[in-house]
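Asker:
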Amino acid sequence: MNRRHFLAIAASACAAGLLHHGPALAGALTQFAPQQGLIESPVRDYVSRMQNFDAPDPADIILSPERFSTLKKATARLARTERVVGHGNFYILSFDEALRLADSYPSIGTFSKAEKDLLDEIFHTDASVYGFYGTKPVTRLTERIPQREVIKVPGMGNWLFKGKPEETWQAIQQIFGERVILTSGVRGVVKQFMLFLNKAVVSEGNLSLASRSLAPPGYSFHAVSDFDVGQHGFGEANFTARFTETDIFKQLEERGYITLRYPQDNLLGVRFEPWHIKVLS
Ligand SMILES: [Zn+2]
Numbered sequence: 175m176n177r178r179h180f181l182a183i184a185a186s187a188c189a190a191g192l193l194h195h196g197p198a199l200a201g202a203l204t205q206f207a208p209q210q211g212l213i214e215s216p217v218r219d220y221v222s223r224m225q226n227f228d229a230p231d232p233a234d235i236i237l238s239p240e241r242f243s244t245l246k247k248a249t250a251r252l253a254r255t256e257r258v259v260g261h262g263n264f265y266i267l268s269f270d271e272a273l274r275l276a277d278s279y280p281s282i283g284t285f286s287k288a289e290k291d292l293l294d295e296i297f298h299t300d301a302s303v304y305g306f307y308g309t310k311p312v313t314r315l316t317e318r319i320p321q322r323e324v325i326k327v328p329g330m331g332n333w334l335f336k337g338k339p340e341e342t343w344q345a346i347q348q349i350f351g352e353r354v355i356l357t358s359g360v361r362g363v364v365k366q367f368m369l370f371l372n373k374a375v376v377s378e379g380n381l382s383l384a385s386r387s388l389a390p391p392g393y394s395f396h397a398v399s400d401f402d403v404g405q406h407g408f409g410e411a412n413f414t415a416r417f418t419e420t421d422i423f424k425q426l427e428e429r430g431y432i433t434l435r436y437p438q439d440n441l442l443g444v445r446f447e448p449w450h451i452k453v454l455s
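The sequence shown maps to residues 175 to 455 in my numbering.
See the structure below:
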């Protein structure tokens, strides 16, 4: 059984609701290996890759130099778009709006056909190719986030969807007051592209490595419901496993009404994200 085949099985097991049994499931699957320890172990490879999520792996998908150059140009253009529309508006900008802005502002410059084709291809590629097995809540590249469906959270510079996400955040805020911060809320397709591409640029075009830290565009639940929280004053450590040492995380976990979308030892190809709050099931 090769790695890809194994992970496809693992992913469908997760989809069937076995996610909580990640380690147990992995253990069960290794028992099928006839000469355990002597042959390639997909489970061991997977665990090692996720523990070293920020390091390249021989199985990673990496762009050719030419495509990497195109990716860097598209990424820089998106960064210029963000400067034109502002940080807050960029969170909910649609792909079509970004293209239109690029056409109208010489300071951004029109996206070339090669850039558009590459972005289109990345969006429509099944991310399991990279080793990412999460589900894809947004399937249209041109998906828009209507402004009437979101609210700008006072003092946080972020947006949340009205309804359950906003209510969940308010409940968390009631518990912790000013000690809790909303580190990231609604992120449309373009914002998710920006984060994923920035990671792909610093990873020298390694799309698999990028996908271990960031959901590829279309695959992020920030586009439909989820958000990230942190502890005031904890800075960048809010985005590390150290967040689990904070009072905020411990209480959120204890109170039980918060479930994590990417638990530790998940088999979805996503690093452990204890700061990420899953809102919709
Ligand atoms: Zn998140």
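Where a beta carbon is used, it is the ideal one built from N, C-alpha and C, also for glycine.
What you are looking at is a predicted structure, and each value in this text was computed from that prediction instead of being measured.
1) For LYS452, which three-state DSSP category applies?
2) With DSSP collapsed to three states, give me the class of ALA198.
3) For GLY331, which of ILE235, PHE408 and ILE266 has the nearest alpha-carbon?
4) Measuring straight from C-alpha to C-alpha, what distance separates PRO391 and GLY308?
5) State the beta-bridge partners of ASN380 as determined by DSSP.
6) Using 7 Å as the cut-off, classify the Cβ of GLU410 as near or not near the heavy atoms of ligand 1, replying yes or no.
7) Is it buried or exposed for ASN226, if we count other Cβ within 10 angstroms and need 16 for buried?
8) Rank THR249, THR418, LYS247 and MET368 by C-alpha distance to the C-alpha of PRO437 and give the top, closest one.
9) What does DSSP give as the partner residues of SER358 in its beta bridges?
10) Pull up the CB-CB distance for ALA248 and GLU295, whole angstroms please, since I reckon it's below 8 Å.
11) Just jot down, in chain order, the residues whose CB lies closer than 5 Å to any heavy atom of ligand 1.
12) Hey, could you find the ends of the alpha helix (DSSP H) LEU334 is sitting in?
13) Output the distance between the C-alpha atoms of TYR134 and ASP228, rounded to the nearest integer angstrom.
14) Buried or exposed: where does SER222 fall if 16 or more other Cβ atoms within 10 Å of its Cβ makes it buried?
15) Ignore the nearest five residues each way along the sequence and tell me which others in GLN347's own chain have a CB closer than 8 Å to its CB.
16) Determine the DSSP secondary structure at LYS373, reduced to helix, strand or coil.
17) Quick one: what does DSSP say VAL258 is sitting in, helix, strand or coil?
Answerer: Straight from the coordinates:
1) strand
2) Since pLDDT at ALA198 reaches only 35, below the 50 mark, its modelled position is unreliable, and the value read off the structure follows with that caveat. Correct three-state label for ALA198: helix.
3) ILE266
4) 12 Å
5) ILE236
6) no
7) exposed
8) THR418
9) ASP402
10) Between GLU295 and ALA248 the Cβ distance is about 11 Å, and since that is not below 8 Å, they are no contact.
11) ASP402 and HIS450
12) Here LEU334 belongs to no alpha helix (DSSP H); instead the beta strand (DSSP E) covers 333 to 335.
13) There is simply no residue 134 to check, as the chain begins at 175 and stops at 455 in what is shown.
14) exposed
15) VAL354
16) helix
17) helix
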